[in-house]
Structure formats: structure tokens, C-alpha cells
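J.: Got a structure here, written out as C-alpha cells. Questions coming.
Residue numbers (our numbering): 171 to 308.
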């Protein structure tokens, strides 16, 4: 190659580095665009999959509701057009015991004590509702 052509193609280190940086920036821009398109495609596919699952669940609930309506219709016909009376799910003793359980849960007198105007929490393993499972912070 003649010397004249060689000198035209020669560049100094600074211009060479500028060219390489510009080329790298362009490649980075293309790769980011490609990655973004891939991420959007993946999110759309996941959304479509979730939509299919929701549609299947809705269809199964429709079928279940239709079968319940059919059973209710058969019971209505069987009872001569009268709606059967509902029996309570639990008797009054169960209700009282359930209320007492709730009161004990809300007001755990055995687990807390009061010293003057201050509330004293139990020490050690007796506190089952602590934020941390043991007395030491992580």
C-alpha cells in the first residue's frame, strides 16, 4: 500500500479511542433495546398465561354455581315449593365458649402484669407473640 494511503488511514490514539467508545455506546444502545423487547414479550406471555388460568377458574366456578342451583331447585321441588328452614350452625353454648376464647385472646391477663401505671411484659419464653422468636435481635 502506498505511503499516502497509509497516512490517510492512520489515526492518533485519542481519535481511535473516541471511535471505539462511540461504537461501544451504539452497541450498548442496541442491546438495551433488544433486552427491553425481550422483557416486554416475557411479561406479556406471563400475563396471557395468568389470564388463561383466571378464565379456567371462572369457568369452574360457573359450573359449580350451576350445579348448586340445580341442587337447590331439586330440594325446592322435593319440599313441595317450600324453602327449608336453616338450622343454626352451633348452639348457644358453643357461642358462649367462642366468645370466652376471644376475650381470653384479647385480654391475656396471665401473661401481662401491671406495675403502677406501667405495663410489664413477661420475661423469656412465656411471650409467644413476640416479634422475634428469641430474645436476641438478629
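Yeah, the Cβ is synthetic: ideal placement off N, Cα and C, and Gly gets one too.
Pull up the distance between the alpha-carbon of residue 219 and that of residue 210, whole angstroms please.
T.: Approximately 14 angstroms between the Cα atoms of the pair.
J.: Mapping the DSSP letters down to three states, classify residue 181 as helix, strand or coil.
T.: Coil at residue 181, not helix or strand.
J.: 8 angstroms is my cut-off, CB to CB: does residue 184 come that close to chain B?
T.: The question asks about chain B, but that chain is absent: this structure has only one protein chain.
J.: Between residue 183 and residue 173, what straight-line distance do the alpha-carbon atoms span, to the nearest angstrom?
T.: Approximately 19 angstroms between the Cα atoms of the pair.
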